[in-house]
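The structure appears right after this line, and notes come after that.
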Amino acid sequence: MATCAWLLSLCFTLVFCLCNAYRTPPISPSLDGFLTNGNFEQAPKKENLNKTVILGKYSLPGWEIDGTVEFVSGGPQPGGFYFPIPRGAHAVRLGNEASISQNVNVKPGFIYSITFGTTRTCAQDEVLRISVPAQTTDISIQTLYSTDGGDTMAIAFKATAKVVKVTFHNPGVQEDPTCGPLLDAIAIKEMPPLTYTKGNLVKNSGFETGPHTFKNFSTGVLLPPHKQDTISPLPGWIIESLKPVKFIDKKHFSVPSGQFAIEMVAGRESAIAQVIRTVPNKDYTLTFTVGDAKNDCHGSMMVEAFAGKGTLKVPYVSQGKGGFKTSSFRFQAISARTRITFYSAYYHTNSLMNTYIQSLIHWSTLRIIPTFFCLVKELWLGLFAFLLLFFF
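As structure tokens, then:
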């Protein structure tokens, strides 16, 4: 009998361990960093350069090139130009109809964001086209949002195969062949699946899930509007405005809680939204924080929040020192889906500046049933094992 009880106890231990192993599978490392030679610090060999023009399709380490691609250094250039390359010493310039591309190993079905530093090199309007299988995004780099002359942007895509080809292409044809967009850093990040936080109906409410941010230097990451990028690089959120919004991090900006926030940099042309699940005729509270990012922005600002039929205007006077304020209002859901929207109500003609936001919607009766069920299951298994040991 003792031997039988010992065997039953051992079997239960093995089953319990296997159950726990199934519930918490090992997490494989997620992709989050530069593409191969994504900062272009590995230069082509000297014999593969004609001054700055790269000779040979595979002469730029890690990349495949097509057309006239130049390998350039930051600083003053011939003809009176100046190339800002804040994240490193080198960059590539794409000439007329030129492109660079790279194959990247990914997981089919997962969402990935691509962060890249870019700027125009001439006065003409320039466009950068980013392509992956089944998706193409055109980014205008006419407007500069950063004081250093170069912007950081991000787009997102859904992987359709284990290997995707990422291409950066200059579709323009300029009269001056030396013109063309500059690329100085390219990174990729795998977006984790979003989950609800207990007590909050907003997914990614603190903007903690977003594109890769460069560690050594950052002026924020511009996120294009929905019409340009159908898959949002800010999971859970829709960039509804005509202009981009900026994803900022705590290391380089003032953020009151967590590590990230969204800055509404384009005045009245800035807006983000999310559709949440609600119960008709239930009351909800929308709480959000507004403030300035401590980037020397001074002046009056205002964020307007919409939820159901409710709305709230929150004025804020920025001193450029990183202050913030929290506001909230109650609203009643009128359907099973409610759109919440944050909109920048002011427009500044002298500079591109505005408030950042973080948000929360809570309903006090939320529960997470699967966790409770699993706990009850383990208690019953434990009681069953105890009874076996007691009787045998």
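Take the sequence shown: its letters are residues -21 to -1, 1 to 371, numbered as in mature numbering (1 follows the signal peptide of the UniProt record, and there is no 0). Idealized CB from N, CA, C, for every residue including glycine.
By how many angstroms is the C-alpha of residue j removed from the C-alpha of residue i?
i	j	result
residue 284	residue 148	38 angstroms
residue 181	residue 29	54 angstroms
residue 290	residue 320	9 angstroms
residue 252	residue 78	34 angstroms
residue 47	residue 36	10 angstroms
residue 115	residue 209	10 angstroms
residue 265	residue 32	55 angstroms
residue 219	residue 243	12 angstroms
residue 230	residue 272	11 angstroms
residue -10	residue 171	Confidence at residue -10 is low in this model, with a pLDDT of 39, below 50, so the placement of that residue is unreliable and no value is reported for it.
residue 293	residue 306	7 angstroms
residue 150	residue 288	44 angstroms
residue 233	residue 85	33 angstroms
residue 13	residue 318	35 angstroms
residue 25	residue 38	10 angstroms
residue 259	residue 163	50 angstroms
residue 49	residue 261	60 angstroms
residue 113	residue 102	32 angstroms
residue 235	residue 158	41 angstroms
residue 154	residue 117	21 angstroms
residue 239	residue 152	38 angstroms
residue 183	residue 141	27 angstroms
residue 160	residue 193	20 angstroms
residue 190	residue 93	7 angstroms
residue 270	residue 15	37 angstroms
residue 98	residue 104	11 angstroms
residue 22	residue 51	10 angstroms
residue 323	residue 27	50 angstroms
Give the DSSP-derived three-state secondary structure of residue i in the structure shown.
i	result
residue 43	strand
residue 99	coil
residue 5	Caution is warranted here: a pLDDT of 45 is assigned to residue 5, below 50, making its placement in the model unreliable, and no coordinate value can be reported.
residue 341	Model confidence at residue 341 stands at a pLDDT of 45, short of 50, so the residue's coordinates are unreliable; what they give is reported in the following sentence. Three-state result, residue 341: strand.
residue 29	strand
residue 248	helix
residue 107	strand
residue 217	strand
residue 189	coil
residue 69	strand
residue 37	coil
residue 292	strand
residue 91	strand
residue 20	coil
residue 14	coil
residue 263	strand
residue 227	strand
residue 269	strand
residue 239	strand
residue 395	The question about residue 395 has no answer, for the chain in this structure spans -21 to 371.
residue 211	coil
residue 329	Low confidence applies here, because residue 329 scores a pLDDT of 43, under 50, leaving its location unreliable and the question unanswered by this model.
residue 184	coil
residue 298	coil
residue 258	coil
residue 253	strand
Span of the beta strand (DSSP E) holding residue i?
i	result
residue 199	Counting along the chain, residue 199 falls outside any beta strand (DSSP E), and DSSP gives it neither H nor E.
residue 322	316 to 323
residue 79	78 to 84
residue 311	303 to 311
residue 134	130 to 137
residue 148	142 to 148
residue 161	161 to 170
residue 180	Careful: residue 180 lies outside any beta strand (DSSP E) and carries neither H nor E.
residue 278	278 to 286
residue 49	48 to 52
So residue i and residue j are in contact, right, with Cβ under 8 angstroms, and what is the actual spacing, rounded?
i	j	result
residue 10	residue 167	6 angstroms
residue 131	residue 96	5 angstroms
residue 173	residue 237	Wrong, their Cβ atoms sit about 15 angstroms apart, outside the cutoff.
residue 316	residue 256	7 angstroms
residue 53	residue 165	With a Cβ gap of about 16 angstroms, residue 53 and residue 165 do not count as contacting.
residue 222	residue 249	6 angstroms
residue 268	residue 303	5 angstroms
Are there three or more Cβ pairs, one per stretch, closer than 8 angstroms when the segment 134 to 142 is compared with the segment 85 to 94?
yes
Does the pairing of the segment 27 to 44 with the segment 70 to 84 give three or more beta-carbon distances under 8 angstroms?
yes
Segment contact, 8 angstroms Cβ cut-off, at least three pairs: the segment 261 to 280 with the segment 296 to 304:
yes
Determine contact between the segment 98 to 109 and the segment 189 to 203, defined as no fewer than three beta-carbon pairs at a distance below 8 angstroms.
no
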